[in-house]
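Those protein sequences? They're chains C and Z, same order as listed.
Going by the numbering used here, the first residue of the first sequence is number 1, and it counts up by one from there.
Going by the numbering used here, the first residue of the second sequence is number 607, and it counts up by one from there.
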Amino acid sequence: MFEMPIKPGIHPFDHFCAHLDRMLDANAAKEFADLANGPVSYEALARDMRCLGAAFAANGLVAGDRVLVASKDEGATVKLFLALLRAGMTPVIGDAELTGPELGELMEVCDPAALYADEAMLANADTGGKLSPSRIIPISDVRETLSKTPDPGSWPTVETRPEVALLVLTSGTTSTPKAVELTHENLIAQLAIFKDIYGFDSATRLLNLLPLHHVDGLIRGPLVALWFGGYLYRKTPFSVQNVPAILEKFREKNITHFITVPAMLRIVARIGCDTRETFTGPDFRFILCSADLLDAQLWRHVEETFKTPVVNAYGLSEVVCDALFAGPDEATRRIGSLGRPHGCTAEVLDNDLRPVAEGETGELVLSGPTVMRGYFNAPDITANVLRDGAFHTGDYVRVGPDGLFDFVGRKKTAIVSAGATIHPETVTIILSTMPGVAEAVAFGVPDATRGEKLVAAIAPQPGHEITAADASAFCRKHLSAERTPAEFRIMASLPRGASGKVLIAELTAAETQKPPSEPAPDADDTADLEEKVCAVAARCFNVDAAGLSAESTPFNTDGWDSLAHMTLIEELELTFDMQFSAAEIASIASLGDAIEFIEGALDANA
Amino acid sequence: MNMQQSRNTLPRTLLRMNGLETGGSIVFLPDFGGNVIYAQPIQKVLSKEFSCFGARLAPDMVESLDTLSLVEIAMRFAVDIHQSDIPRPVHISGFSFAGLLAFETARHLSTLEPATGELFILDTRIRSRRLITRFLHNPIQEFLYAARYAFRNWRSLLPGSSDPLILHRYGQIRMDLGKHAEAHRTIIRQMYAKMAQYHPRPWTGSATLFRAEEVQWGNRLDDLGWGHLIDGPLTLVNVPGDHLSMLRTAENAAVLADKMRLQLETIQKESGDV
Numbered sequence: 001m002f003e004m005p006i007k008p009g010i011h012p013f014d015h016f017c018a019h020l021d022r023m024l025d026a027n028a029a030k031e032f033a034d035l036a037n038g039p040v041s042y043e044a045l046a047r048d049m050r051c052l053g054a055a056f057a058a059n060g061l062v063a064g065d066r067v068l069v070a071s072k073d074e075g076a077t078v079k080l081f082l083a084l085l086r087a088g089m090t091p092v093i094g095d096a097e098l099t100g101p102e103l104g105e106l107m108e109v110c111d112p113a114a115l116y117a118d119e120a121m122l123a124n125a126d127t128g129g130k131l132s133p134s135r136i137i138p139i140s141d142v143r144e145t146l147s148k149t150p151d152p153g154s155w156p157t158v159e160t161r162p163e164v165a166l167l168v169l170t171s172g173t174t175s176t177p178k179a180v181e182l183t184h185e186n187l188i189a190q191l192a193i194f195k196d197i198y199g200f201d202s203a204t205r206l207l208n209l210l211p212l213h214h215v216d217g218l219i220r221g222p223l224v225a226l227w228f229g230g231y232l233y234r235k236t237p238f239s240v241q242n243v244p245a246i247l248e249k250f251r252e253k254n255i256t257h258f259i260t261v262p263a264m265l266r267i268v269a270r271i272g273c274d275t276r277e278t279f280t281g282p283d284f285r286f287i288l289c290s291a292d293l294l295d296a297q298l299w300r301h302v303e304e305t306f307k308t309p310v311v312n313a314y315g316l317s318e319v320v321c322d323a324l325f326a327g328p329d330e331a332t333r334r335i336g337s338l339g340r341p342h343g344c345t346a347e348v349l350d351n352d353l354r355p356v357a358e359g360e361t362g363e364l365v366l367s368g369p370t371v372m373r374g375y376f377n378a379p380d381i382t383a384n385v386l387r388d389g390a391f392h393t394g395d396y397v398r399v400g401p402d403g404l405f406d407f408v409g410r411k412k413t414a415i416v417s418a419g420a421t422i423h424p425e426t427v428t429i430i431l432s433t434m435p436g437v438a439e440a441v442a443f444g445v446p447d448a449t450r451g452e453k454l455v456a457a458i459a460p461q462p463g464h465e466i467t468a469a470d471a472s473a474f475c476r477k478h479l480s481a482e483r484t485p486a487e488f489r490i491m492a493s494l495p496r497g498a499s500g501k502v503l504i505a506e507l508t509a510a511e512t513q514k515p516p517s518e519p520a521p522d523a524d525d526t527a528d529l530e531e532k533v534c535a536v537a538a539r540c541f542n543v544d545a546a547g548l549s550a551e552s553t554p555f556n557t558d559g560w561d562s563l564a565h566m567t568l569i570e571e572l573e574l575t576f577d578m579q580f581s582a583a584e585i586a587s588i589a590s591l592g593d594a595i596e597f598i599e600g601a602l603d604a605n606a
Numbered sequence: 607m608n609m610q611q612s613r614n615t616l617p618r619t620l621l622r623m624n625g626l627e628t629g630g631s632i633v634f635l636p637d638f639g640g641n642v643i644y645a646q647p648i649q650k651v652l653s654k655e656f657s658c659f660g661a662r663l664a665p666d667m668v669e670s671l672d673t674l675s676l677v678e679i680a681m682r683f684a685v686d687i688h689q690s691d692i693p694r695p696v697h698i699s700g701f702s703f704a705g706l707l708a709f710e711t712a713r714h715l716s717t718l719e720p721a722t723g724e725l726f727i728l729d730t731r732i733r734s735r736r737l738i739t740r741f742l743h744n745p746i747q748e749f750l751y752a753a754r755y756a757f758r759n760w761r762s763l764l765p766g767s768s769d770p771l772i773l774h775r776y777g778q779i780r781m782d783l784g785k786h787a788e789a790h791r792t793i794i795r796q797m798y799a800k801m802a803q804y805h806p807r808p809w810t811g812s813a814t815l816f817r818a819e820e821v822q823w824g825n826r827l828d829d830l831g832w833g834h835l836i837d838g839p840l841t842l843v844n845v846p847g848d849h850l851s852m853l854r855t856a857e858n859a860a861v862l863a864d865k866m867r868l869q870l871e872t873i874q875k876e877s878g879d880v
């Protein structure tokens with residue numbers, strides 16, 4: 001049974017601030033985090049937050065003001081985020097990789113009272129003249145403020161309690177950029193739920209390398225660490241190349257929880273499976289995976305390979321982070337499921353907003369203290385999804401006989417084929433359980449006779465052979481006739497984007513019509529490709545790209561050893577979104593060979 | 607486009623590892639993954655005195671790899687080496703699985719050109735395919751091997767419970783595909799199958815066998831099974847480390863490379879004396 005920890009008569013903001021202050025005081029002697037640009041102690045964090053609080057006040061910022069932060073300086077971003085929260089202002093953390101024009105667009109969405117951003121970003125941004133120069137603050141000024149300002153020792157008094165704690169940027173279920181308004185009550189409720197479910201406490205030591213503009217990186221990162229008096233590791237940025245080094249940190253830093261998403265977990269499972277003892281240290285508790293559908297195949301594979309539990313959480317920014325939990329409690333854990341709700345009410349409703357029977361599919365509707373206040377400056381969009389305080393997720397689920405929720409599909413991806421509504425995600429889930437399947441995805445494409453038809457793409461595990469007939473027979477055993485894909489594509493691997501998500505659009509395009517062919521690459525294109533390949537190789541070998549060329553081989557290049565060779569191949573596949581054949585892998589003996597094969601793959605795709 | 611294509615004299619199966627054009631050649635045979643990166647530390651030491659080359663599977667070989675035996679692959683390497691104009695004498699070398707390819711390549715090369723160089727086998731154990739022979743030849747070692755094999759593979763020995771990431775046939779080395787990038791696994795599986803099907807035949811040539819000093823408990827530092835196959839002189843050289851660390855640890859690899867250089871100098875001197 002979940003209970004809000006706020007005492008009657010206490011404003012959530014006051015409760016929030018009092019708790020943060022207590023944690024900062026009580027843990028002053030402890031390390032707070034290892035961030036990309038260095039370690040931070042609780043003592044230094046408390047001082048820096050107070051200094052920033054004084055700087056906000058000096059700049060005329062008051063509680064309730066929205067402040068946009070977009071910087072590659074992780075230390076400054078984390079401190080600004082926490083200081084803004086504590087000062088009663090509303091932080092909006094933007095993508096650290098934003099371009100200048102994108103920054104301008106983001107300002108349109110969140111209408112900030114101040115902007116902290118990297119100098120390079122500001123140099124190319126059109127801020128629309130809405131902010132005075134004193135409110136556009138280069139991130140280097142933050143570093144200067146922290147190095148020169150004496151500790152004020154206290155926080156400026158907050159005259160008016162803020163209504164919104166945090167704005168989270170999301171495109172959500174539509175492509176329209178939106179900002180989710182989360183209140184202090186939302187945050188306190190979510191953190192209390194975390195304590196109940198995950199057992200977070202002052203011994204919690206998180207490894208969370210998700211981007212800070214991602215709610216799972218921000219909330220389950222610095223905020224959770226501070227709220228529970230724990231520790232956060234973010235020093236080594238996540239990349240294919242860094243996976244071995246990152247895995248070493250679990251034991252070295254006594255990590256208790258690995259916070260991740262399926263795309264990242266897939267890469268870790270692929271590259272890190274030779275260090276199977278990574279998560280078996282005495283301190284480690286579990287892997288926490290969220291933000292996307294965790295397929296049963298990957299879930300089971302990780303648990304069997306690394307001998308550690310994986311907890312799957314379902315949630316959206318609109319409910320802070322997590323609402324449904326599969327694990328760590330065994331009673332909520334069934335591989336492939338979303339588990340069950342905690343701290344909120346989850347209803348499964350039909351189109352007429354009536355609860356469906358057990359086992360029937362309906363839309364998941366969440367209500368409770370974590371449900372957002374609304375979308376900032378978007379009352380129409382808010383009204384579409386927030387009705388009587390309940391959030392209509394747009395996700396279809398069903399509840400099994402064990403009371404656990406299963407994901408069925410998303411409203412926006414549902415297709416209608418010959419009159420039947422089909423959720424491709426359901427078919428994906430079933431196909432992922434087929435023996436010999438490494439990865440699978442189902443998707444809809446336009447069809448002249450049926451309106452739409454379901455197609456599945458399957459990548460077999462190495463050493464396994466799967467035919468379309470095998471896959472069809474398997475589907476017919478587990479799915480009704482109309483939900484069995486009309487066609488199957490057997491592929492070496494599924495196309496994935498930089499984030500690791502399957503590129504459905506690419507698969508759909510391949511099924512419908514080829515895009516207009518582009519002119520063959522000219523000499524400049526080849527030169528550009530060589531430059532890109534050399535840049536990837538330089539990262540893999542940890543050398544200067546200027547010293548690399550098509551002529552580089554393992555025998556004239558420092559750092560190109562067996563491990564780096566494997567990393568190079570994987571990084572090139574990810575970067576260029578292609579896959580080398582076995583023949584090509586056996587033939588890659590120089591960067592020139594790799595360039596030649598990538599060129600061929602890009603030409604074939606064009 | 608690349609270095610290999612710019613050198614017309616080299617067939618697609620050969621990769622030049624350094625720029626030297628004299629001093630005799632050392633050709634390293636590819637490992638399970640199809641590459642010769644394992645030879646990097648040796649090549650660094652020897653590159654000023656010898657022309658170093660790596661053998662690799664040409665694309666047409668990989669496409670028909672299922673139909674090619676280990677012997678046929680080695681024959682192709684031997685023919686290509688013979689037809690190339692790389693500096694003579696040509697010494698052939700291979701580590702672990704590549705040692706088998708090196709043995710077969712050297713054997714076929716010796717039929718194509720009599721004045722071939724030395725065969726260097728880097729810690730490749732070759733076992734008789736006849737179980738009875740193995741037990742009779744070395745019962746304690748074989749018993750320990752069998753016990754170790756059963757202990758490590760008891761799960762997959764149960765019906766219907768094989769681990770697709772573990773390759774381990776009795777009498778062969780154990781390969782954990784989990785330690786290899788997914789992209790390499792196909793070719794490793796194919797090469798492993800070829801190794802398991804391979805039947806070595808005796809050869810009248812000579813060879814130098816580099817043995818890792820650190821052996822598993824119960825194993826002896828013997829001739830790794832080569833004494834029965836090589837009728838010519840077989841030189842045994844001990845090198846520090848175990849099967850993997852003899853090349854992966856820089857200090858060990860430097861010792862190995864140095865010992866190989868000394869052996870090459872001895873061979874050169876002897877051939878000069880003759």
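Heads up, the beta-carbon is just placed ideally off N, CA and C, and yes, glycines get one too.
None of these values were measured; they are calculated from a predicted model.
Between ILE698(Z) and TRP832(Z), is the Cβ-Cβ spacing less than 8 angstroms?
-> The sequence position of residue 698(Z) within the second sequence is 92, counting from 1. The sequence position of residue 832(Z) within the second sequence is 226, counting from 1. No, they are not a contact pair.
Which residue from GLN689(Z), ASN844(Z), ALA684(Z), ILE732(Z) puts its Cα closest to that of GLY705(Z)?
-> Counted from its first residue, the second sequence places residue 705(Z) at position 99. Closest by alpha carbon: ILE732(Z).
Locate the beta strand (DSSP E) running through LYS148(C), then write down its first and last residues.
-> Here residue 148(C) refers to the residue found at position 148 when the first sequence is read from its first residue. Counting along the chain, LYS148(C) falls outside any beta strand (DSSP E), though it belongs to the alpha helix (DSSP H) covering 139-148.
What are the boundary residues of the beta strand (DSSP E) that PHE32(C) is part of?
-> By 1-based counting over the first sequence, the position of residue 32(C) is 32. From DSSP, the beta strand (DSSP E) with PHE32(C) extends over 31-35.
Completely contained alpha helix (DSSP H) runs for the segment 419-460 of chain C, where each covers 4 or more residues | 424-432
Taking GLY640(Z) and ILE793(Z) to be in contact with their CB atoms under 8 angstroms, please state how far apart those CB atoms are, rounded to whole angstroms.
-> For the purposes of this step, residue 640(Z) is taken as residue 34 along the second sequence, with counting starting at 1. For the purposes of this step, residue 793(Z) is taken as residue 187 along the second sequence, with counting starting at 1. Yes, GLY640(Z) and ILE793(Z) are in contact; Cβ-Cβ is about 5 angstroms, under 8 angstroms.
CB of ALA457(C) within 8 angstroms of CB of ALA468(C), strictly = As a first step, residue 457(C) must be located in the first sequence, where it is residue number 457. As a first step, residue 468(C) must be located in the first sequence, where it is residue number 468. No, these two residues do not count as a Cβ contact at 8 angstroms.
State the Cα-Cα distance for the pair ASP603(C) and PHE597(C), rounded to the nearest angstrom.
-> Numbered from 1 along the first sequence, position 603 holds the residue referred to as residue 603(C). Numbered from 1 along the first sequence, position 597 holds the residue referred to as residue 597(C). Those two C-alpha atoms are separated by around 10 angstroms.
Going by beta carbon distance, what residues of the same chain come within less than 6 angstroms of VAL543(C), once the five residues before and after it are set aside?
-> By 1-based counting over the first sequence, the position of residue 543(C) is 543. So the qualifying residues of the chain are ASP558, GLY559.
Where does PHE726(Z) fall in DSSP's three states?
-> Numbered from 1 along the second sequence, position 120 holds the residue referred to as residue 726(Z). The answer is strand: DSSP assigns PHE726(Z) an E or B state.
Counting contacts by CB-CB distance shorter than 8 angstroms, is GLY600(C) in contact with chain Z?
-> Here residue 600(C) refers to the residue found at position 600 of the first sequence. No, no contact with chain Z.
Short check: CB of LEU324(C) to CB of ALA313(C), under 8 angstroms?
-> Along the first sequence, one-based indexing puts residue 324(C) at 324. Along the first sequence, one-based indexing puts residue 313(C) at 313. For LEU324(C) and ALA313(C), yes; Cβs fall inside 8 angstroms.
Of all the options ALA54(C), LEU106(C), PRO355(C), ILE219(C), which has the alpha carbon lying nearest to the alpha carbon of ARG614(C)?
-> An answer regarding residue 614(C) cannot be provided, because it is not within the stretch 1 to 606 covered by chain C.
Span of the alpha helix (DSSP H) holding ASN186(C)?
-> Residue mapping note: residue 186(C) aligns to position 186 of the first sequence, counting from 1. For ASN186(C), the enclosing alpha helix (DSSP H) begins and ends at 184-198.
So, is the C-beta of MET781(Z) closer than 8 angstroms to a C-beta in chain C?
-> If you number the second sequence from 1, residue 781(Z) lands on position 175. Taking a beta-carbon distance threshold of 8 angstroms, MET781(Z) does not count as an interface residue toward chain C.
Report the three-state DSSP secondary structure of ILE779(Z) (helix, strand or coil).
-> The sequence position of residue 779(Z) within the second sequence is 173, counting from 1. When secondary structure is reduced to three states using DSSP, ILE779(Z) falls in the coil class, being assigned neither helix nor strand.
Proximal residues of chain C, C-beta to C-beta of VAL668(Z) below 7 angstroms | Taking the first residue of the second sequence as position 1, residue 668(Z) is located at position 62. For the C-beta of VAL668(Z), the chain C residues within less than 7 angstroms are, from N- to C-terminus, ALA582, ALA583, ALA586.
Return the first residue and the last residue of the alpha helix (DSSP H) that GLY53(C) is part of.
-> Position 53 of the first sequence, counted from the start, is the residue given in the question as residue 53(C). Start and end: 42-58.
Proximal chain C residues relative to GLN646(Z), where beta-carbon distance stays under 7 angstroms = As a first step, residue 646(Z) is located in the second sequence; it is residue number 40 there, counting from the start. Within 7 angstroms Cβ-Cβ: PRO554, PHE555, ASP561.
Give a yes or no on whether the C-beta atoms belonging to PHE238(C) and LEU218(C) are separated by under 8 angstroms.
-> Here residue 238(C) refers to the residue found at position 238 when the first sequence is read from its first residue. Here residue 218(C) refers to the residue found at position 218 when the first sequence is read from its first residue. Between PHE238(C) and LEU218(C), the C-beta spacing is not below 8 angstroms.
Would you kindly work out how many angstroms separate the C-alpha atoms of ARG713(Z) and TRP809(Z), rounded to a whole number?
-> As a first step, residue 713(Z) must be located in the second sequence, where it is residue number 107. As a first step, residue 809(Z) must be located in the second sequence, where it is residue number 203. ARG713(Z) and TRP809(Z): Cα-Cα distance of roughly 7 angstroms.
Chain C contact residues for ARG791(Z), given Cβ-Cβ distances below 8 angstroms | For the purposes of this step, residue 791(Z) is taken as residue 185 along the second sequence, with counting starting at 1. Neighbours of ARG791(Z) on chain C, chain order: PRO462, GLY463.
Please look up how many angstroms separate the CB atoms of VAL240(C) and GLU571(C), rounded, as I've assumed it's under 8 angstroms.
-> What you label residue 240(C) is simply residue 240 of the first sequence in a count that begins at 1. What you label residue 571(C) is simply residue 571 of the first sequence in a count that begins at 1. Contact holds; Cβ gap of about 5 angstroms.
Contact set between LEU621(Z) and chain C, taken where Cβ atoms lie within less than 9 angstroms | As a first step, residue 621(Z) must be located in the second sequence, where it is residue number 15. Within 9 angstroms Cβ-Cβ: THR553, PHE555, ALA589, SER590.
Cut-off 6 angstroms between Cβ atoms - residues of its own chain near ALA586(C), not counting five sequence neighbours on either side | For the purposes of this step, residue 586(C) is taken as the residue at position 586 of the first sequence. Excluding positions up to five away in sequence, the list is empty.
First through last residue of the beta strand (DSSP E) which encompasses THR127(C) | Start at 1 with the first residue of the first sequence, and residue 127(C) comes out as number 127. Counting along the chain, THR127(C) falls outside any beta strand (DSSP E), and DSSP gives it neither H nor E.
Whose C-alpha, out of LEU850(Z), GLN649(Z), PRO617(Z), TYR644(Z), is nearest the C-alpha of LEU626(Z)?
-> Here residue 626(Z) corresponds to residue number 20 of the second sequence, with the count starting at 1. Residue GLN649(Z) is the option with its Cα nearest to LEU626(Z).
Determine the direct distance from the alpha carbon of PRO211(C) to that of VAL455(C), and round the result to whole angstroms.
-> Along the first sequence, read from residue 1 onward, the residue named residue 455(C) stands at position 455. Along the first sequence, read from residue 1 onward, the residue named residue 211(C) stands at position 211. Rounded to whole angstroms, VAL455(C) to PRO211(C) spans 33 angstroms at the Cα level.
Can you list, in chain order, the residues of its chain whose CB lies under 7 angstroms from that of HIS688(Z), leaving out five sequence neighbours each side?
-> Working through the second sequence from its first residue, we reach residue 688(Z) at position 82. Cβ neighbours of HIS688(Z) beyond the five flanking positions: LEU715, LEU718, GLU719.
Closest residue to PRO460(C) among SER432(C), ALA486(C), PRO162(C) (Cα-Cα distance) | For this step, residue 460(C) is matched to residue 460 along the first sequence. Answer by Cα proximity: SER432(C).
VAL427(C) and ALA414(C): beta carbons closer than 8 angstroms?
-> To locate residue 427(C), count along the first sequence from 1; it is residue 427. To locate residue 414(C), count along the first sequence from 1; it is residue 414. Taking 8 angstroms as the Cβ cut-off, VAL427(C) and ALA414(C) do not qualify as a contacting pair.
Three-way DSSP call (helix, strand, coil) for TYR231(C) in this model = By one-based count along the first sequence, residue 231(C) stands at place 231. Strand, per DSSP.
Neighbourhood of ASN858(Z) by C-beta, 7 angstroms cutoff - its chain only, sequence neighbours within 5 removed = Here residue 858(Z) is taken as the residue at index 252 of the second sequence, counted from 1. Excluding residues within five positions, the ones whose Cβ falls inside 7 angstroms are VAL845, PRO846, GLY847, SER851, MET852.
Could you name each continuous beta strand (DSSP E) segment of 3 residues or more that falls completely within the segment 236-309 of chain C, going from the start of the chain to the end?
-> Along the segment 236-309 of chain C, the beta strand (DSSP E) occurs as fully enclosed runs of 3 or more residues at 257-260, 286-289, listed in sequence order.
Does the pairing of the segment 361-372 of chain C with the segment 390-397 of chain C give three or more beta-carbon distances under 8 angstroms?
-> yes
Reduced DSSP category for MET834(Z) - H, G, I as helix; E, B as strand; rest coil | Position 228 of the second sequence, counting from 1, holds the residue named residue 834(Z). Met is not the amino acid found at residue 834(Z); the sequence shown has His there. HIS834(Z) falls in the helix class under three-state DSSP.
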